[in-house]
Each structure stands twice: as structure tokens, then as C-alpha cells.
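Note that the working numbering gives residue 103 to position 72 of the sequence shown, counting from 1, and the numbers run on in steps of one.
Before any comments, here is the structure.
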Amino acid sequence: MLPLSLRGSTRALLARGLAAGVLLAAAGCRSDAPVTIPREKFVEAYVRLVRARIDAEEDSGAYLKGRDAALHRTGVTPADLRAYVEAGNRDPEALRVAWQEIAAKLDTLYGGVTSELSPEMREALRAARGSEPLADTIP
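Rendered as C-alpha cells:
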């Protein structure tokens with residue numbers, strides 16, 4: 032069962048995970064990369080991976096087991112996730128929608144933690160996304 036409230040270190044892990052995803056999405060990517068999985072599968076897998084990180088707290092062994100279980104349950108590989116993000120270069124709006132869905136699902140599960148990013152983290156994400164407003168990326 033997932034915790035109803037998160038400790039500070041877990042909130043920081045969640046914020047870093049979301050930031051890493053946004054930064055990865057904003058990185059220069061090849062436009063010829065194929066989409067290997069549907070958006071719904073990407074969102075489900077990413078949410079499960081973040082939940083595995085939160086459930087494991089600081090136990091890296093538990094996280095690795097949770098990560099493997101999350102990928103197995105969704106039938107997704109790390110390469111599938113990378114290919115999906117790389118393909119987002121062809122359709123940044125669709126990728127933005129996927130990140131919004133992930134943030135919304137995590138907010139529902141954990142009570143709005145994505146809104147608690149520090150001003151520095153928000154600025155880093157804004158810079159990574161270019162001219163697109165951060166508010167459109169993370170609720």
C-alpha cells in the first residue's frame with residue numbers, strides 16, 4: 032500500500048524523477064526515432080517506476096526489485112521508454128500531454144507533490160522546456 036503522506040526525502044526523489052523526465056524530453060533528440068509503445072503504456076510504466084522509487088525510499092535493492100516488477104507488469108523495457116521520449120521530438124505536444132498525465136496521476140496518488148518544486152527546480156525545468164510555460168508541463 033502506498034503511503035498517504037511523503038517524507039521530505041521522498042518528495043525530493045519524486046521531484047527529481049519528474050524533473051529528469053522533463054529534461055530528458057527537452058533534450059535534443061533524433062526525429063527519426065520510432066514510437067515503440069502507446070502513450071497510455073508510457074504513462075502507466077513511468078507512474079509505476081516513480082511509485083517503485085517512493086515505496087523503496089532509500090533502499091536501492093528494493094527499488095531495483097520494484098523497478099523490474101513495474102517494467103514486467105507493463106511489458107515495457109527501458110529502451111521502449113527512451114524511444115518514446117526520443118520520438119517526442121516529432122510531436123512535442125503529445126509528449127507534453129504524457130508528462131501532464133504522469134504528473135496528474137502522481138498528484139492524485141500523493142496529494143499534489145509536483146506543485147512543491149523549488150523555485151530553482153521550476154526555473155531549470157522552464158529553461159529545459161524553452162519558451163513553453165512550465166505551468167503547462169507540471170500542474
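We treat Cβ as the ideally placed atom computed from N, Cα and C, and that holds for glycine.
Which of helix, strand or coil does DSSP assign to residue i?
i: Leu33; result: Low local confidence applies: a pLDDT of 41 at Leu33 is under 50, so the model's placement there is unreliable, with the coordinate-based value given in what follows. Leu33 falls in the coil class under three-state DSSP.
i: Arg121; result: coil
i: Asp90; result: coil
i: Pro109; result: helix
i: Thr67; result: coil
i: Gly97; result: helix
Please check the pair residue i and residue j, which I expect to be a contact at CB under 8 Å, by giving their CB distance rounded to whole angstroms.
i: Ala83; j: Arg98; result: 5 Å
i: Leu137; j: Phe73; result: Between Phe73 and Leu137 the Cβ distance is about 14 Å, and since that is not below 8 Å, they are no contact.
Candidates the options: which alpha carbon is nearest residue i's?
i: Glu71; options: Ala100, Lys96 and Val128; result: Val128
i: Thr67; options: Glu132, Ala114 and Ala135; result: Ala114
Check: Does the pairing of the segment 67 to 79 with the segment 93 to 107 give three or more beta-carbon distances under 8 Å?
Finding: yes
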